[in-house]
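Take any residue in the sequence shown, note its place counting from 1, add 38, and you have its number in the working numbering.
One structure is given here, and the rest of the page talks about it.
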Amino acid sequence: MQYTSTRGGQNVHSKEAIYLGIANDGGLFTPVKIPKMDFEYLEGLNSYKDLAKYIFSLYLTDFSEEEITDCVNKAYATDRFDTENVVGLKKLDSNLFALELWHGPTYAFKDIALQLLPHLLIRSMPDSYKRALILVATSGDTGKAALEGFRDVERTRIVVFYPSEGVSDVQKRQMTTQEGKNTHVAGIIGNFDDAQSGVKEIFTNTEYVKIINEKGYFFTSANSINFGRLLPQIVYYIWSYLELLRKGFLKEGERINFVVPTGNFGNILAGYFAKVMGVPVNRLIVASNINSVVSDFINTGIYDRRREFYKTISPSMDILVASNLERLLYLVTESFERVKKYMSDLKENGYFKVEDDVLKSIQSNFWGDFSTDFETRQAIKWVYREYSYLIDTHSAVGFDVYRKYKEKTSDMTKTVLLQTANPYKFAKDVLNALTDDEYNDIDPFEAIEMLLKTTGVEVPKGIRDILSKPVLHPDVIEKDKMFEFILEKIKDS
Ligand SMILES: *Cc1c(COP(=O)(O)O)cnc(C)c1O
Numbered sequence: 039m040q041y042t043s044t045r046g047g048q049n050v051h052s053k054e055a056i057y058l059g060i061a062n063d064g065g066l067f068t069p070v071k072i073p074k075m076d077f078e079y080l081e082g083l084n085s086y087k088d089l090a091k092y093i094f095s096l097y098l099t100d101f102s103e104e105e106i107t108d109c110v111n112k113a114y115a116t117d118r119f120d121t122e123n124v125v126g127l128k129k130l131d132s133n134l135f136a137l138e139l140w141h142g143p144t145y146a147f148k149d150i151a152l153q154l155l156p157h158l159l160i161r162s163m164p165d166s167y168k169r170a171l172i173l174v175a176t177s178g179d180t181g182k183a184a185l186e187g188f189r190d191v192e193r194t195r196i197v198v199f200y201p202s203e204g205v206s207d208v209q210k211r212q213m214t215t216q217e218g219k220n221t222h223v224a225g226i227i228g229n230f231d232d233a234q235s236g237v238k239e240i241f242t243n244t245e246y247v248k249i250i251n252e253k254g255y256f257f258t259s260a261n262s263i264n265f266g267r268l269l270p271q272i273v274y275y276i277w278s279y280l281e282l283l284r285k286g287f288l289k290e291g292e293r294i295n296f297v298v299p300t301g302n303f304g305n306i307l308a309g310y311f312a313k314v315m316g317v318p319v320n321r322l323i324v325a326s327n328i329n330s331v332v333s334d335f336i337n338t339g340i341y342d343r344r345r346e347f348y349k350t351i352s353p354s355m356d357i358l359v360a361s362n363l364e365r366l367l368y369l370v371t372e373s374f375e376r377v378k379k380y381m382s383d384l385k386e387n388g389y390f391k392v393e394d395d396v397l398k399s400i401q402s403n404f405w406g407d408f409s410t411d412f413e414t415r416q417a418i419k420w421v422y423r424e425y426s427y428l429i430d431t432h433s434a435v436g437f438d439v440y441r442k443y444k445e446k447t448s449d450m451t452k453t454v455l456l457q458t459a460n461p462y463k464f465a466k467d468v469l470n471a472l473t474d475d476e477y478n479d480i481d482p483f484e485a486i487e488m489l490l491k492t493t494g495v496e497v498p499k500g501i502r503d504i505l506s507k508p509v510l511h512p513d514v515i516e517k518d519k520m521f522e523f524i525l526e527k528i529k530d531s
């Protein structure tokens, strides 16, 4: 299978797409043609791992079967995920299902991709590339999941940048207590987009690349611009559809909606791939927080980042530049020229507008709306009362947008709501939502105990543990000092 840059400048196989991370013209590697699934074959696949192996074999055509099996077995071992089949699927009512994607080591859905990516990367790197230097910009969850995925993996070193005031206390503590000989973390003074554009600039600065190469490293990315991040996410859409069929909750051929709390458009784009591959998806519902740049785009065809940036209680979605949208634009237009025009408009003018036919095609697959913090908190409370089900702030954005979707469309299609993080990652906000701000001044770590007392829902072990771990990565730096930080960290290696 061939992967093309969304801007047309480079064509590669999957191994190159994975170790390069981003194309040399700044575009994102995307399959030239999305494969179809053999549904008869699928019916014989009863474990998540077997399904993953099959899906990966359709995309990673230059990997051997043995390599794929090895990667999957290592990534999804039962000491990594606390459920047999990697994800959990809960029935809330006859129309509504919660797909729990937070059973991995860092309790966010990003583990599902980031436990796998290091294994794919090691098998993709040419021998002449001695060591990979993985750079990550994070709005909170990617950083920890990437650190955990790459920690002590041979031939790799990882540097994570997060907005120092833009992540939850639990997220920050998870990262600053990271163990592993090859892990480095710094907060930057700025927001997520500053961190992301800083990383992008370092990647594309030929001077920097040269310096790094001379030290025996090459840069790569674990952000969702890497196709190796997107691919593992396709599997759970297919898995949940097959599970609903197997359990008799869905009839053969019956269509289904997915509601996806959206930031960088990576997760929901994987849903689009699943749809093109053959899952009968009715609508992919984009749930944005008040930084509603993506849901506004779905509704208007205008992507406009010239707006205020808000910090919300769903920080992993506080993003104004959703990089994965570029892949959708390529898949829908099949035109490098149009994609290049959109991207240069965005860079130069801060916005772009797609043509009516493009918008129509997007709207036939996606529906979008956003949720304010107030509404998100209401949703946490309502879902807990209605279903005795505790959800995190991001997943709550999904519930609230689903409520709006039903109100506006009256659609009764069965719906899967993606649960992107464990509620204890955002314990203080969840607790205050449930109790109408009774614990506004509580210490964020005491909030964990109080949430346990209030709900009886178990605290994941890894979250309990961070309270007693020492802070190993205290650095907070200016955003123009990111490269210096990297050099400092690799100088003795
Ligand atoms: C990253 C993240 C999101 C957003 O996912 P995208 O792929 O960036 O759209 C939503 N919820 C949580 C908890 C996350 O960590």
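Quick reminder that beta carbons are idealized off the backbone N, C-alpha and C, glycines included.
Residue i classed as buried or exposed, judged by whether at least 16 other C-beta atoms fall within 10 angstroms
i, result
"K499", "exposed"
"L363", "buried"
"L269", "buried"
"S409", "buried"
"V454", "buried"
"S426", "exposed"
"F77", "exposed"
"V174", "buried"
"L89", "buried"
"K238", "buried"
"D438", "buried"
"L300", "Looking at the sequence itself, residue 300 is Thr, so the reference to Leu does not match. Per the 10 Å Cβ criterion, buried."
"A170", "buried"
"N387", "exposed"
"E281", "buried"
"F199", "buried"
"N305", "buried"
"L505", "exposed"
"F390", "buried"
Residue i: CB within 7 Å of a non-hydrogen atom of ligand 1
i, result
"M213", "no"
"N302", "yes"
"I306", "yes"
"P461", "no"
"A90", "no"
"T180", "yes"
"P299", "yes"
"A146", "yes"
"S330", "no"
"S206", "no"
"S542", "There is simply no residue 542 to check, as the chain begins at 39 and stops at 531 in what is shown."
"T458", "yes"
"S333", "no"
"H222", "no"
"H51", "no"
"H141", "no"
"H432", "yes"
"S409", "no"
"S399", "no"
"S506", "no"
"S202", "no"
"S259", "no"
Closer than 8 Å to chain D by CB, residue i
i, result
"T458", "Annotation note: the requested chain D is absent from the structure, which comprises a single protein chain."
Subject >> Runs of beta strand (DSSP E) lying entirely within the region 483 to 521, each at least 3 residues, in chain order >> reply: Listed in chain order, the beta strand (DSSP E) runs fully inside the region 483 to 521 are 514 to 516, counting runs of at least 3 residues.
Original post:
What are the complete alpha helix (DSSP H) segments, minimum 4 residues, inside the region 307 to 343?
Top reply: 331 to 338, all fully within the region 307 to 343.
Subject >> Segment contact flag, the region 83 to 98 with the region 383 to 402, C-beta cutoff 8 Å, min 3 pairs >> reply: Remark: fewer than three beta-carbon pairs, one from each stretch, lie closer than 8 Å, so the region 83 to 98 and the region 383 to 402 are not flagged as touching.
Subject >> Any beta strand (DSSP E) of 3 or more consecutive residues that is wholly inside the region 141 to 205 >> reply: Listed in chain order, the complete beta strand (DSSP E) runs (minimum 3 residues) inside the region 141 to 205 are 169 to 175, 194 to 201.
Subject >> Length-filtered (4 minimum) alpha helix (DSSP H) runs lying within the region 252 to 315 >> reply: The region 252 to 315 contains these whole alpha helix (DSSP H) runs: 265 to 284, 304 to 315.
**OP:** Report yes or no: do three or more beta-carbon pairs, one from the region 337 to 347 and one from the region 309 to 320, lie closer than 8 Å?
**Re:** These segments do not touch.
**OP:** Let me know the alpha helix (DSSP H) ranges lying completely inside the region 55 to 92, each 4 residues or longer, listed in chain order.
**Re:** When DSSP assignments are scanned along the region 55 to 92, the uninterrupted stretches of alpha helix (DSSP H) that are 4 or more residues long and fall wholly within it turn out to be 77 to 81.
**OP:** Inspect the CB distances between the region 201 to 209 and the region 350 to 360 and report whether three or more fall short of 8 Å.
**Re:** Judged by Cβ distances under 8 Å, the region 201 to 209 makes contact with the region 350 to 360, as three or more pairs qualify.
Subject >> In chain order, each beta strand (DSSP E) run of at least 3 residues that lies wholly inside the region 393 to 469 >> reply: Within the region 393 to 469, the complete beta strand (DSSP E) runs of at least 3 residues are 404 to 408, 452 to 457.
**OP:** Taking 8 Å as the threshold, find out whether the region 216 to 236 comes into contact with the region 511 to 528 through three or more Cβ pairs.
**Re:** Counting Cβ pairs under 8 Å, three or more are found: they touch.
**OP:** Please specify which runs of the alpha helix (DSSP H), each continuous and at least 4 residues long, are wholly inside the region 344 to 399, giving them in chain order.
**Re:** Note on the region 344 to 399: whole alpha helix (DSSP H) runs with a minimum of 4 residues are 363 to 371, 374 to 387, in chain order.
**OP:** Flag this pair as touching only if the region 152 to 159 and the region 108 to 117 have three or more C-beta atom pairs under 8 Å; answer yes or no.
**Re:** Yes, the region 152 to 159 is in contact with the region 108 to 117.
Subject >> Completely contained alpha helix (DSSP H) runs for the region 92 to 128, where each covers 4 or more residues >> reply: 103 to 113, all fully within the region 92 to 128.
Original post:
Touch check for the region 286 to 297 and the region 372 to 380: three-plus C-beta pairs under 8 Å?
Top reply: They do not touch, by the three-pair rule.
Original post:
Three or more beta-carbon pairs under 8 Å between the region 158 to 176 and the region 122 to 141, yes or no?
Top reply: The region 158 to 176, when compared against the region 122 to 141, does not touch it at the 8 Å Cβ threshold.
**OP:** Count the C-beta pairs between the region 65 to 85 and the region 178 to 196 that are closer than 8 Å, then say yes if the count reaches three, no if not.
**Re:** Not touching, per the Cβ criterion.
**OP:** Could you tell me whether the region 253 to 273 touches the region 304 to 311, where touching means 3 or more Cβ pairs closer than 8 Å?
**Re:** Segment contact: the region 253 to 273 against the region 304 to 311, three or more CB-CB distances shorter than 8 Å; contact assigned.
Subject >> Contact the region 431 to 450 vs the region 483 to 497: 3+ CB pairs below 8 Å >> reply: The answer is no - the region 483 to 497 does not touch the region 431 to 450, with fewer than three Cβ pairs under 8 Å.
**OP:** Check whether the region 239 to 249 touches the region 115 to 130, counting contact only when three or more Cβ pairs, one atom from each stretch, lie closer than 8 Å.
**Re:** By the Cβ rule, the region 239 to 249 does not count as touching the region 115 to 130, because fewer than three pairs are nearer than 8 Å.
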